[in-house]
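Student: Mind looking over this structure? Questions follow.
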Amino acid sequence: MKAAVINQFGDFDVLEYADVETPKPKPGNVLVKILAAGVNRLDHYLREGSIVPDLPFPHILGTDAAGEVFRPGKGVTDFEIGERVIVVPGYPQNEEDYDIYPASQAPSFGLPGLHVTGTYSQYIEVPARFLLKDDTGLKPEEVATLPVVLATAVRAVKEVGGVKAGDKVLVQAGASGSGSMQIQVAKALGAEVATTIRSASKADFVREIGADLVINTRNEDLAERVKKWTDGRGADVVIDNLGGDVLATSIAAAKATGVIVAFGFASGPEVKFDIRSLFFEQKVLKGSMASDKRDMELGLRLVREGKIRPLLDRTLPLSEAAEAHRLVANNKVSGNIALLPWAAWVSRDRRSGPLLERGDSSI
Ligand SMILES: NC(=O)c1ccc[n+]([C@@H]2O[C@H](COP(=O)([O-])OP(=O)(O)OC[C@H]3O[C@@H](n4cnc5c(N)ncnc54)[C@H](OP(=O)(O)O)[C@@H]3O)[C@@H](O)[C@H]2O)c1
Numbered sequence: 637m638k639a640a641v642i643n644q645f646g647d648f649d650v651l652e653y654a655d656v657e658t659p660k661p662k663p664g665n666v667l668v669k670i671l672a673a674g675v676n677r678l679d680h681y682l683r684e685g686s687i688v689p690d691l692p693f694p695h696i697l698g699t700d701a702a703g704e705v706f707r708p709g710k711g712v713t714d715f716e717i718g719e720r721v722i723v724v725p726g727y728p729q730n731e732e733d734y735d736i737y738p739a740s741q742a743p744s745f746g747l748p749g750l751h752v753t754g755t756y757s758q759y760i761e762v763p764a765r766f767l768l769k770d771d772t773g774l775k776p777e778e779v780a781t782l783p784v785v786l787a788t789a790v791r792a793v794k795e796v797g798g799v800k801a802g803d804k805v806l807v808q809a810g811a812s813g814s815g816s817m818q819i820q821v822a823k824a825l826g827a828e829v830a831t832t833i834r835s836a837s838k839a840d841f842v843r844e845i846g847a848d849l850v851i852n853t854r855n856e857d858l859a860e861r862v863k864k865w866t867d868g869r870g871a872d873v874v875i876d877n878l879g880g881d882v883l884a885t886s887i888a889a890a891k892a893t894g895v896i897v898a899f900g901f902a903s904g905p906e907v908k909f910d911i912r913s914l915f916f917e918q919k920v921l922k923g924s925m926a927s928d929k930r931d932m933e934l935g936l937r938l939v940r941e942g943k944i945r946p947l948l949d950r951t952l953p954l955s956e957a958a959e960a961h962r963l964v965a966n967n968k969v970s971g972n973i974a975l976l977p978w979a980a981w982v983s984r985d986r987r988s989g990p991l992l993e994r995g996d997s998s999i
């Protein structure tokens, strides 16, 4: 099968479009034909080598995938060949951890593309238990933009942040893949949402997905705008996707006893803030990491109910994974990019014979 593979850390061009062995599904697992793979900033960090210094090479990146059942392994009875499915974006790798909730606290928790082979490929093997039926009615490339951002948004906003109807929530970096989904989840829960951008060109995008207040931090004072919006109190919950020198502003924008959810570090991993800004008003700083299958299920329910929609920036053939990473690194993406593993393969291999049939045992 074709895959976008890295053999070393480095710039975009370390992503090579290569032939790799197609997995054979073990009992209880399913071989999924990937119709579209989503791209996240996490993949870019991993390719650079900035978060996991000891990835085994060659390595296939990618956590998000929408596809169809190609070959169920022995004992799999819940899925039919050809059925549309979504890969749960992270799950325990050892059976004895399967029932730990939330799954991200399981000792063997792992993400496709990080701890195990990822989704930038034509097929992936997944335990049947961590496949969800795709009944969204959406195109695969739209679905592929959802898993990481949707499930982690449900975890960060609802489960960790505790957002409820009537809350006033601040989402930092609303135009990011994560931020744009967090805005939608908070709105779906009945909250009002303020969000930050740095360039005026992203204002329409965040308004369109539901932001009630848009603050351009290049020329506006964040804490002041949020205080005014909340009648002087501050936000009930702040979701901070940025870290770096932005976290201090998130703390300042939260109300007394408010919750600040540390979710990302797009502005840098080192933060500095005056500890008094946290404990004088008994604010709560919490971390949110990854998600559980249940978060994904709730997120998909909100999608089916029309409360959340996927934000597909563009599609690219899998062979152009490097270009997708360049766009992410240069902040040229609103929402998420989806890679199409079959677009390039069909045109490049048309001369070499027919495509494999579903259930084909020759692979
Ligand atoms: N905790 C978890 O489970 C989890 C899961 C997924 C992602 N994350 C983390 O969340 C962060 C965001 O990831 P992502 O995939 O959503 O990123 P992304 O889609 O690549 O977006 C990053 C965006 O942030 C915006 N931005 C950067 N600095 C900003 C600032 N000071 N104010 C407003 N906007 C700013 C940039 O837009 P402009 O350049 O236009 O401002 C850029 O488009 C990353 O650190 C990622 O590792 C965490």
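Sequential numbering from 637 applies to the sequence shown in the working numbering. Note that beta-carbon positions come from the ideal geometry of N, C-alpha and C, so glycine has one too.
1. Counting beta carbon pairs with one atom in the stretch 703-722 and one in the stretch 679-690, are three or more of them shorter than 8 Å?
2. Could you spell out where the beta strand (DSSP E) holding valine 939 opens and where it closes?
3. Could you tell me which of Ser814, Asn966, Asn877 sits nearest to phenylalanine 648, measuring between CA atoms?
4. How is tyrosine 681 classed by DSSP in three states: helix, strand or coil?
5. With burial defined as no fewer than 16 other Cβ atoms inside 10 Å of the residue's Cβ, what is the status of serine 998: buried or exposed?
6. Taking buried to mean at least 16 other C-beta atoms within 10 Å of its own C-beta, is serine 913 buried or exposed?
7. Quick one: which unbroken beta strand (DSSP E) runs of 3-plus residues sit fully inside the stretch 736-799? Chain order, please.
8. Which stretch, first to last residue, makes up the beta strand (DSSP E) that contains glutamate 828?
9. Straight-line CA distance for glycine 900 to aspartate 876?
10. Which residues in the same chain as threonine 753 place their Cβ atom closer than 6 Å to its Cβ, once the five residues preceding and following it in sequence are excluded?
11. Taking 6 Å as the line, does the beta carbon of glycine 813 fall inside it for any heavy atom of ligand 2?
12. Determine the direct distance from the alpha carbon of phenylalanine 916 to that of alanine 926, and round the result to whole angstroms.
13. Quick one: using the 10 Å Cβ neighbour count with 16 as the cut-off for buried, is tyrosine 737 buried or exposed?
14. Compare the beta carbon distance of valine 785 and aspartate 931 with 7 Å and say whether it is the shorter of the two.
15. I'd like to know if the stretch 719-733 and the stretch 903-912 are in contact, where contact means that at least 3 CB-CB pairs between them fall below 8 Å.
16. Would you report the Cα separation of valine 793 and aspartate 679, rounded to the nearest angstrom?
17. Which runs of the alpha helix (DSSP H) at least 4 residues long sit entirely within the stretch 850-893? Give them in chain order.
18. Comparing alpha-carbon positions, which option in Leu878, Leu947, Ala871 lies nearest valine 920?
19. In whole angstroms, give me the CA-to-CA distance for arginine 854 and glutamate 657.
20. Classify glycine 904 as helix, strand or coil using the three-state DSSP reduction.
21. What residue does the beta strand (DSSP E) around glutamate 652 start on, and which one ends it?
22. CA-CA distance, alanine 672 and glutamine 918?
23. Can you tell me which of the three DSSP states glutamate 704 falls into?
24. Sort out for me which residues DSSP pairs valine 969 with in a bridge.
25. Let me make sure I understand the geometry here. Which of His751, Arg843, Asn730, Pro661 has the alpha-carbon closest to that of proline 694?
26. Short of 6 Å in beta carbon distance, which residues of its chain neighbour threonine 893, apart from the five on each side in sequence? Order them along the chain.
27. Have a look at Lys823, Ala824, Ile819 and flag the residue whose alpha-carbon is nearest the alpha-carbon of threonine 831.
Tutor: So, to answer that:
1. no
2. Per DSSP, valine 939 lies in no beta strand (DSSP E) segment; the continuous alpha helix (DSSP H) that holds it begins and ends at 929-940.
3. Nearest C-alpha to phenylalanine 648: Asn966.
4. helix
5. Low per-residue confidence applies at serine 998: pLDDT is 36, beneath 50, and the placement is therefore not dependable, though the value from the model is reported in the following sentence. The residue in question, serine 998, is exposed, as its Cβ has fewer than 16 Cβ neighbours within 10 Å.
6. exposed
7. With a minimum length of 3 residues, the continuous beta strand (DSSP E) runs that stay inside the stretch 736-799 are 759-763, 767-769.
8. 828-833
9. Going by the C-alpha atoms only, they are around 7 Å apart.
10. Excluding residues within five positions, the ones whose Cβ falls inside 6 Å are Ile696.
11. Ligand 2 is not among the ligands present in this structure, which contains only ligand 1.
12. 30 Å
13. exposed
14. no
15. no
16. 22 Å
17. If we require 4 residues or more, the alpha helix (DSSP H) runs fully inside the stretch 850-893 come out as 858-865, 883-889.
18. Ala871
19. 49 Å
20. coil
21. 651-655
22. 45 Å
23. strand
24. Note: valine 969 sits in no beta bridge, so no partner.
25. His751
26. Gln918
27. Ile819
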